[in-house]
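Heads up: the sequence shown begins at 0 in numbering that gives the first Met the number 0, then just goes up one per residue. Before any comments, here is the structure.
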Amino acid sequence: MCRSSRQLGDPGSQTRIPLFMQAQAGCQRSLDQLMRHHEGLVQAVVRRQFLGDLSFVDALHAGRIGLWRAISGFDPRRGTAFSTYAWPAIMRHVWYAVKARQRDEHSDPMQWPCPHPLTLDPADLADMEALHQTLRALVRRLPHQLHQIMVAYYGLDGNPPSSYRQLGARLGLSHERVHQLHVEALVWLRHPAHSQALRTLLHRHTLADYEAADALAQRWLQKRAGRHGR
Numbered sequence: 000m001c002r003s004s005r006q007l008g009d010p011g012s013q014t015r016i017p018l019f020m021q022a023q024a025g026c027q028r029s030l031d032q033l034m035r036h037h038e039g040l041v042q043a044v045v046r047r048q049f050l051g052d053l054s055f056v057d058a059l060h061a062g063r064i065g066l067w068r069a070i071s072g073f074d075p076r077r078g079t080a081f082s083t084y085a086w087p088a089i090m091r092h093v094w095y096a097v098k099a100r101q102r103d104e105h106s107d108p109m110q111w112p113c114p115h116p117l118t119l120d121p122a123d124l125a126d127m128e129a130l131h132q133t134l135r136a137l138v139r140r141l142p143h144q145l146h147q148i149m150v151a152y153y154g155l156d157g158n159p160p161s162s163y164r165q166l167g168a169r170l171g172l173s174h175e176r177v178h179q180l181h182v183e184a185l186v187w188l189r190h191p192a193h194s195q196a197l198r199t200l201l202h203r204h205t206l207a208d209y210e211a212a213d214a215l216a217q218r219w220l221q222k223r224a225g226r227h228g229r
């Protein structure tokens, strides 16, 4: 039975399981409700992605296709945040549209091949969950304000990602200052002293990888020192 629900609470919560199952079973009302609720996620992905000659409107269209595919393949009973699951699917379809525009192709994005299907075998799902858990644990180690910014900016709590301006209004900071703190958090997360477990999972554990991350941190520190007159 196709039932509408206003309860779109925490990702993976019991109130959301019927809505996803109804959408996956062909309930257009449930699908429309989920698509509307996660429109902000599509816009967040598009705002953060290189579009080349692709228009913003076309990028949104491609992103919504990715969102639709994510809704079709998502299993809320696993406890994974939907935004975590859907983000790469949306990003992938936007990137397909960008590449198609570069090649001057005009085929329907619905027909493009997907090199990384959303239906994963148990081993792939286990690897993905291990990666997500390691990333969340690493983000939790950030200083409090940097942690707040990273969680809200990327929607790591399951809510739609926030823009710099939205975060600034929430924290009483300018959007430029939020951007600076976001960069600071990224540099902290990339530093070899903090990211060992994550780099191991991503197979980015070589000396060259560590030297590159350390060089990035040093450049940022030098820039920061110059900005503060030191």
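Ideal placement from N, C-alpha and C gives every residue a C-beta, glycine not left out. Remember, predicted model here, so these are calculated numbers, not experimental data.
| According to the Cβ coordinates, are HIS37 and ALA85 closer than 8 Å? | Taking the first residue of the sequence shown as position 1, residue 37 is located at position 38. Taking the first residue of the sequence shown as position 1, residue 85 is located at position 86. Yes; because the gap between Cβ atoms is below 8 Å, this pair is in contact.
| said: Contact defined as beta carbons within less than 8 Å: I believe HIS174 pairs with TYR152. What is the distance between those atoms, to the nearest angstrom? | reply: As a first step, residue 174 must be located in the sequence shown, where it is residue number 175. As a first step, residue 152 must be located in the sequence shown, where it is residue number 153. Not really, about 11 Å apart at Cβ, beyond 8 Å.
| With a cut-off of 8 Å, do at least 3 Cβ pairs link the stretch 56-76 to the stretch 87-95? | yes
| field | PHE19, buried or exposed, once every other Cβ within 10 Å from all chains shown has been counted against 16 | value | If you number the sequence shown from 1, residue 19 lands on position 20. Flag for PHE19 reads buried.
| message | Quick check on this structure: which residue in ALA43, LEU40, ALA22, GLY51 has the alpha carbon closest to the alpha carbon of ASP74? | response | As a first step, residue 74 must be located in the sequence shown, where it is residue number 75. Ranking the options by Cα distance to ASP74, first place goes to ALA22.
| message | Need the endpoints of the alpha helix (DSSP H) that PRO17 sits in, please. | response | For the purposes of this step, residue 17 is identified with residue 18 of the sequence shown, where counting begins at 1. 16-23 is the span of the alpha helix (DSSP H), which, as asked, contains PRO17.
| task | Can you say whether SER82 is buried or exposed, counting buried as having 16 or more other CB atoms within 10 angstroms of its CB? | result | Residue numbering aside, residue 82 sits at position 83 when the sequence shown is read from its first letter. Buried, because 16 or more other Cβ atoms sit within 10 Å of the Cβ of SER82.
| query | Roughly how many whole angstroms lie between the Cα atoms of LEU145 and ALA43? | reply | For the purposes of this step, residue 145 is taken as the residue at position 146 of the sequence shown. For the purposes of this step, residue 43 is taken as the residue at position 44 of the sequence shown. The straight-line gap from Cα to Cα measures roughly 19 Å.
| task | Within the same chain, show all residues whose beta-carbon is closer than 7 Å to that of ARG164, passing over the 5 residues directly before and after it, in chain order. | result | Taking the first residue of the sequence shown as position 1, residue 164 is located at position 165. The residues are HIS174.
| query | Skipping 5 residues on each side, what residues in its chain have a beta carbon closer than 7 Å to that of SER71? | reply | Taking the first residue of the sequence shown as position 1, residue 71 is located at position 72. Excluding positions up to five away in sequence, the list reads GLN23.
| GLY171 versus ARG46 - alpha carbon distance | Working through the sequence shown from its first residue, we reach residue 171 at position 172. Working through the sequence shown from its first residue, we reach residue 46 at position 47. Roughly 23 Å between the two C-alpha positions.
| query | So SER71 is in the alpha helix (DSSP H); what residue range does that whole segment cover? | reply | As a position in the sequence shown, residue 71 is number 72, starting the count at 1. From DSSP, the alpha helix (DSSP H) with SER71 extends over 55-72.
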